[in-house]
Amino acid sequence: MIAELGILTGIDHVILEAIIALIPLSIFFILFQITYLKLPIGHVINLFKGIVFTLFGMILFLQGVKVAFIPAGEAIGSFFSAIGKPWILIPFGFLLGLLATYAEPAVRILCYEIENSSSGFIRGTLILYTLSLGVGVAVALGMGRIVYGFSFLPIIITGYVIAIILLWFADRDFVGIAFDSGGVATGPMAVTFLMALAVGAATGIEGRDPVIDGFGLIALIALAPILSILILGIYFKKKKVNTS
1 MIAELGILTG
11 IDHVILEAII
21 ALIPLSIFFI
31 LFQITYLKLP
41 IGHVINLFKG
51 IVFTLFGMIL
61 FLQGVKVAFI
71 PAGEAIGSFF
81 SAIGKPWILI
91 PFGFLLGLLA
101 TYAEPAVRIL
111 CYEIENSSSG
121 FIRGTLILYT
131 LSLGVGVAVA
141 LGMGRIVYGF
151 SFLPIIITGY
161 VIAIILLWFA
171 DRDFVGIAFD
181 SGGVATGPMA
191 VTFLMALAVG
201 AATGIEGRDP
211 VIDGFGLIAL
221 IALAPILSIL
231 ILGIYFKKKK
241 VNTS
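For the sequence shown, the numbering used here begins at 1 and goes up steadily by one.
This is the structure we're talking about:
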C-alpha cells in the first residue's frame, strides 16, 4: 500500500546520500577518538547511537521533502499562476515565508541560544518574530519579482549596501547575530518548500523562465534576517542610550 502511494519512490538513492554524508564525520570522530579524545566507551557508544538516529532522521526527512514538500510547492506555485491572478502569490508568499521561518527548527535553536547567552536581555520570541516578518517580506518581494519580472541584481546589491550601512548604526551585540540569522533562516523548510514554490510559479507564468526567474529567492531570504536584525539592533542601541 505504501509503495503504491509512491512514498518509498527513490528511497534507495536517499539512503545512499545520507550514508555518504555521515561517513566523513564518523571517520573524523574515530580518528580524533584514537589520537586525542580518549573518551570513555560509554560516550563513544552514545555518539554512534546518535549517528544512527541522525541517519534515520535524514532519510525520513529527505524522502519526505522529495515526495511531499517539493511537489506540493511546485503545485501551489503553478496553481496560483494558472488562475489568472498571479499577484495573489505576493501575499501568499508573505504568509508562507512567515510560517516557514516560524516553524524552522534551526531558527528556534538560534533564538534559544540568543536569549540564553544574553541572560534574557534579548528575548528569543522577539528574535523569532523579527526573523519571521523579515523572511515573509523577502518571500513576498521574491514572488513580486516573478510576477512582474523586474531584475534580481539591483535588489540584492541594494540590500547588501543597506546592510553595510546599518552596521554602523546597530548595536554591536546584534551584528554577529544578524549575519548568523541569514544562514539559519535558509534552513530545510525555506529551501525545500519556498524554492519549489518559486520555481513552480515561474514555470506557470507565461514569459517567465524557471531557471532565471525561479531561483534567487533563497538569496533574498538570507538577506532579510540580516536587515531585520540590524534594524532591531538600532532600536536596542537607542534603548540603551535612553536608559543610561
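Note that the Cβ used here is the ideal one computed from N, Cα and C, for glycine as well.
Just so it is clear, the structure is predicted and the values come from calculations on it, not from any experiment.
By the three-class DSSP mapping on this structure, what secondary structure does residue i have?
i, result
"F69", "helix"
"I19", "helix"
"T192", "helix"
"F48", "helix"
"L31", "helix"
"E4", "Note that E4 scores a pLDDT of 46, beneath 50, so its modelled location is shaky; the value from the coordinates is reported in the next line. DSSP places E4 in coil when its eight states are reduced to three."
"L39", "coil"
"F61", "helix"
"D209", "coil"
Pull up the distance between the alpha-carbon of residue i and that of residue j, whole angstroms please.
i, j, result
"G50", "S78", "40 Å"
"P86", "V199", "14 Å"
"V191", "N242", "40 Å"
"M1", "L8", "Interpretation of M1 is limited by its pLDDT of 41, a score under 50 that renders its predicted location unreliable; the figure taken from the coordinates is listed afterwards. Rounded to whole angstroms, M1 to L8 spans 11 Å at the Cα level."
"F48", "M58", "15 Å"
"I88", "F80", "7 Å"
"D180", "A222", "10 Å"
"A224", "L16", "34 Å"
"N116", "L126", "13 Å"
"T245", "F69", "With the chain represented from 1 up to 244, any question about residue 245 goes unanswered, as that position is not in the structure."
"F169", "I231", "9 Å"
"Y129", "D12", "39 Å"
Does the distance from the C-beta atom of residue i to that of residue j stay below 9 Å?
i, j, result
"A201", "D209", "no"
"I218", "M195", "yes"
"V147", "G233", "no"
"M143", "F61", "no"
"I245", "L96", "As displayed, the chain neither begins before 1 nor continues past 244, which places residue 245 out of reach and without an answer."
"C111", "L133", "no"
"V135", "Q63", "no"
Can you tell me where the alpha helix (DSSP H) holding residue i begins and where it ends?
i, result
"I226", "217-243"
"I90", "89-102"
"D119", "One detail in the question is off: residue 119 reads as Ser in this sequence, not Asp. From DSSP, S119 is part of no alpha helix (DSSP H); its letter is neither H nor E."
"G249", "The question about residue 249 has no answer here: the residues shown for the chain are numbered 1 through 244."
When you compare the CB of residue i with every CB in chain B, is at least one pair closer than 9 Å?
i, result
"L62", "This model lacks chain B altogether, as it is built from one protein chain only."
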